[in-house]
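Protein chains in written order, with my numbering: chain E, 3 to 315; chain L, 3 to 315.
In C-alpha cells:
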C-alpha cells in the first residue's frame, strides 16, 4: 500500500447482538442470545455491542436486555457495550455493570425525527442528562453519529455539520465517537475525507467507523478508512442487520469478511477467524434465514481444493 | 484520497455475456444473448466480452458464438472482445470481425492443467501460433493471466512468476494483459503490490484487472487497483459468473456496483448507470435465478425515500 497513516492493528466491535438482532422479526430467545455473545467473547474481538436498554415496547426483540447482560460470561479483555437511548436506559445499563455506553443521534434532523423522534439538538440535550448519570461511574461513553455520510430522506449531510456535532459531543464529555453510514450511502472518497478531517482535528479521539454494505462498498469503505488512520470498526457477525429502507439489500459490514480482509493483508485484528466463522455458522438456525456474509460460504482465501480428476475449459 | 496515481476516468469491460453465461446451466437462447449485448452496447461501456470461440462440446452454453457476433448491433465506440482458446477459435473470431481477442493462460500449472489442459508454457506456445494468425488483422490481442493472485489448488502464486509470464506474453506480441483473480483470493495489499509492480515495469502497457467478489473484497480490490494506477476493469453485469469451486459464493465483481462506486467518487466511467441497471434487471428472468449485485436491489446512493408517517427507535 502507498499510504502513510496505516496501522498494523485494528480493533473490531461486533454489533450483531444489538444492531443485527434488533431488526429481526423473530424474537431470539434469551439463552440463544447469551450463547451467541459467549461465542463472540471467545473470538478475540475487542468489543461486543450486546444489547440495547431501550423501551421493550419500542424494540421488543431486545426486551431481555437485563437477562442478557446478567447471563453472559464477561471475558477479560472484551468490552461489553450497550446502546442507551435515555436517562432510564443509562440507569439500567449502569446497574448491569456495562463497560461502555453507546448513545445515538442523527446528523440529519429528518432521519433523527423519523428514527429517534429527536433532532440532533434535542439528542444533545438528552445526552447532557445521561452524562450526569454516568459521571464518576468509570463507564466509557461513546456517541454514534447516524447518517454521517448521507440521509435517505434529505440526501447530502455536510461534513461541517458532522464536525460541529462531534465538537458539541466532546464538549459534553463524550469520550469517543462513531461515524455511521447508517443506510450504506457512503463512497470511498467521502469516507477518506471525513475520517482524515475528523482525525486531523482531534488526533487523540477514539473514532470508530460504522459501515453498511448496502451498495457493495462496505469493505472498500473500511479499507479507505484504515488508509486514513481509522483503527476501530463496527461490524456485524454474518453481515446481520439490514436496512429497513431497502428490502433485499444487505446490511452491516460483515465481521468475518472484514477480519478476513485485514488478516489477509497482514493487519492484525486480534480475532481468531476460525472461531468467528464458527459463531457465524450459528446464525441461520438462530434467526431462521440465510445471512449475507461471503467468507462463511466461500471459505478463507487460504482454502485449498483437491485437483479435479478431469476438467473442461 | 491520499494517492498520487489516481485517474479521473476508468474504462469498464463487461464480461457477463461470456464469463457470466459460460457457467450457467440453462442455455440462454441466442436472441436473448443478442438482446443482452445490445442493451449493454447502449450503456457507454468501453468493451463487452461477447462470447467465446471455443469448442461447442467444451462450453455448450456458448455454442452460438457466430450467431451472436453476427446478430448483435455493433455500436461505435464499443470494442467487442471474444475469448479465443486456440488457432481455430482465432480464425472463427477474425471471420466475425471482432475488435479484440482475449487469450487465457493460467499462472498456476495445476490450475492450467485442470481448467485448460495446458501448463503456462504450453499456452504460450499456442499463443505464438494464434498471433501468427492475427498478424496484420488489426485486431487487438489481450492475454488474461488466471490465478495471478493465488491458485485454489496450489495456493500462493509468486509475483515473480506473474511478471515473468507478462514479459513472455509481450515478447510474443500480445498488446495488453489482464491480471485475473480467478477465484477471489486476492487481498488489497496484494492487488496494490502487483498492480504497482506491473505498471512500474511496463508503464505503457494496457493492464486490466479482473476481480471476483468471492470473499466480499471485490470493490475494495478494485479501489486499491485504481489507487495504484489501474484504469481498466473487467466486471460482470449483475455480478454474474460464479466460481465452480465455491458453490453459493458470489462471482465476478458486479459491473453496476463498480460503476456506482466510481461515479459516486467522481471518477468517470462513461457509463449511464440507469441504463446499466436496466440491463441488469433483465438477468433474473433470462437465467432463472437471482444475481448478487447490490445496487440493483438497494438503488443508488442518490435514492431518496419518503419520510415515514411514524417511526420507532
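Glycine included, every Cβ here is placed at the ideal spot set by N, Cα and C.
- Neighbours of residue 189 of chain E across chain L, judged by C-beta separation under 8 Å: 263, 266, 267, 303.
- Contact annotation, residue 141 of chain L with residue 96 of chain L: C-beta distance approximately 7 Å; criterion of less than 8 Å satisfied.
- Residue 254 of chain E places its beta carbon less than 8 Å from that of residue 214 of chain E.
- What residue 296 of chain E touches in chain L, judged by beta-carbon distance under 8 Å, is 215, 216, 217, 218, 251, 252, going in chain order.
- When C-alpha distances from residue 41 of chain E are compared across E/217, E/273, E/180, E/197, the shortest belongs to E/273.
- Residue 35 of chain E counts as buried, since at least 16 other C-beta atoms from the protein chains shown sit within 10 angstroms of its C-beta.
- For the pair residue 199 of chain L and residue 144 of chain L, the CB atoms are not nearer than the 8 Å cut-off.
- Taking 8 Å as the threshold, the shortest C-beta distance from residue 197 of chain E to chain L does not fall below it.
- Here residue 102 of chain E carries a strand assignment [DSSP, helix/strand/coil].
- Interface with chain L (8 Å Cβ-Cβ cutoff): residue 284 of chain E is excluded.
- In summary, the residues of the stretch 138 to 158 of chain E whose CB is separated from some CB of chain L by less than 7 Å are 152, 154, 155, 157, in the order they occur in the chain.
- Scanning E/195, E/174, E/262, E/38 for the CA closest to the CA of residue 135 of chain E turns up E/174.
- Taking all protein chains shown into account, residue 228 of chain L has 16 or more neighbouring C-beta atoms within 10 Å of its C-beta and is therefore buried.
- Interface with chain E (8 Å Cβ-Cβ cutoff): residue 299 of chain L is included.
- By the Cβ rule, the stretch 207 to 227 of chain L counts as touching the stretch 176 to 187 of chain L, because three or more pairs are nearer than 8 Å.
- The C-beta distance from residue 277 of chain E to residue 44 of chain E rounds to 6 Å, short enough to fall under 8 Å.
- Residue 235 of chain L sits in a strand when the DSSP states are folded into three classes.
- Residues of chain E whose Cβ lies closer than 7 Å to the Cβ of residue 310 of chain L are, in chain order, 116.
- Between residue 53 of chain L and residue 68 of chain L, the alpha-carbon positions lie close to 9 Å from each other.
- Neighbours of residue 256 of chain L across chain E, judged by C-beta separation under 8 Å: 218.
- Contact check for residue 303 of chain L and residue 187 of chain E: beta-carbon distance about 4 Å, within the 8 Å limit, so the pair qualifies.
- Short of 6 Å from the beta carbon of residue 55 of chain L, and not among the five residues preceding or following it, lie these beta carbons of its own chain, in chain order: 67, 84, 86, 91, 94, 95.
- For the 8 Å CB-CB criterion, residue 283 of chain E and residue 298 of chain E form a contact.
- In this structure, the alpha-carbon of residue 18 of chain L lies about 6 Å from that of residue 242 of chain L.
- Proximity of residue 221 of chain L to chain E, defined by a Cβ-Cβ separation below 8 Å, is satisfied.
- DSSP places residue 167 of chain L within a helical segment (H, G or I) once states are collapsed to three.
- Separation of residue 133 of chain E and residue 195 of chain E (C-alpha to C-alpha, rounded to the nearest whole angstrom) is 30 Å.
- Every alpha helix (DSSP H) of 4 residues or more that sits fully in the stretch 104 to 159 of chain E is shown, in chain order, as 111 to 118, 122 to 136.
- 8 Å or more divides the Cβ of residue 70 of chain E from the Cβ of residue 271 of chain E.
- Taken in chain order, the members of the stretch 224 to 243 of chain E whose beta-carbon sits within less than 9 Å of a beta-carbon on chain L are 224, 225, 226, 229, 230, 241.
- At a beta-carbon threshold of 9 Å, the residues of chain E lying near residue 112 of chain L are 309, ordered along the chain.
- Our two residues, residue 168 of chain E and residue 251 of chain E, have alpha carbons roughly 29 Å apart in a direct line.
- Chain L has no Cβ within less than 8 Å of the Cβ of residue 99 of chain E.
- Annotation: residue 32 of chain E to residue 292 of chain E spans about 21 Å, alpha carbon to alpha carbon.
- When only Cα atoms are considered, residue 28 of chain E and residue 170 of chain L end up about 59 Å apart.
- By the C-beta density criterion, residue 10 of chain L is exposed, having fewer than 16 other C-beta atoms within 10 angstroms.
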